[in-house]
Amino acid sequence: MSQFTEFEQVEMKVKAAQKLVGYATMSMDQQQLTDASTAIEQARTQLEKMKLVATDLDEEFLGNQEADLVQVEQQLLEAKQ
Numbered sequence: 281m282s283q284f285t286e287f288e289q290v291e292m293k294v295k296a297a298q299k300l301v302g303y304a305t306m307s308m309d310q311q312q313l314t315d316a317s318t319a320i321e322q323a324r325t326q327l328e329k330m331k332l333v334a335t336d337l338d339e340e341f342l343g344n345q346e347a348d349l350v351q352v353e354q355q356l357l358e359a360k361q
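Per this note's numbering, residue 281 is the first one in the sequence shown, and the count goes up by one each step.
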């Protein structure tokens with residue numbers, strides 16, 4: 281089993297959040313909405329952690345991950361209203 285870098289973990293957590301939000305907003309199942317919120321929180325935590333140690337070379341990658349995460353946060357918020 282290969283180990284992932286912390287930057288790869290950010291990307292994987294954001295992608296997982298995207299998928300969970302997609303499933304949750306289609307089904308509107310309360311447990312899936314809760315799970316999607318948790319996935320977003322975990323992705324946000326990992327992203328913020330990596331922002332603290334990022335270099336200039338990492339800014340574009342982290343900016344893209346941030347944009348993706350903001351989009352799914354908004355999607356989930358709208359679904360919950």
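Note that the Cβ used here is the ideal one computed from N, Cα and C, for glycine as well.
*Just tell me which of Gly302, Met292, Met308 has its CA closest to the CA of Thr325.*
Met292
*So the alpha helix (DSSP H) Leu240 belongs to, where does it begin and stop?*
The structure shown does not extend to residue 240, since the chain is modelled only from 281 through 361, so no value can be given for it.
*Can you give the Cα-Cα distance for Thr305 and Leu349, rounded to whole angstroms?*
15 Å
*How far does the alpha helix (DSSP H) with Thr285 in it reach, from first residue to last?*
No alpha helix (DSSP H) holds Thr285; DSSP gives it neither H nor E.
*From Glu288 to Gln345, what does the alpha carbon distance come to, in whole angstroms?*
11 Å
*Tell me, please, whether the segment 330-345 touches the segment 305-316 by the rule of three or more beta-carbon pairs shorter than 8 Å.*
no
*Please classify Leu332: is it buried, with 16 or more other beta-carbons within 10 angstroms of its beta-carbon, or exposed?*
exposed
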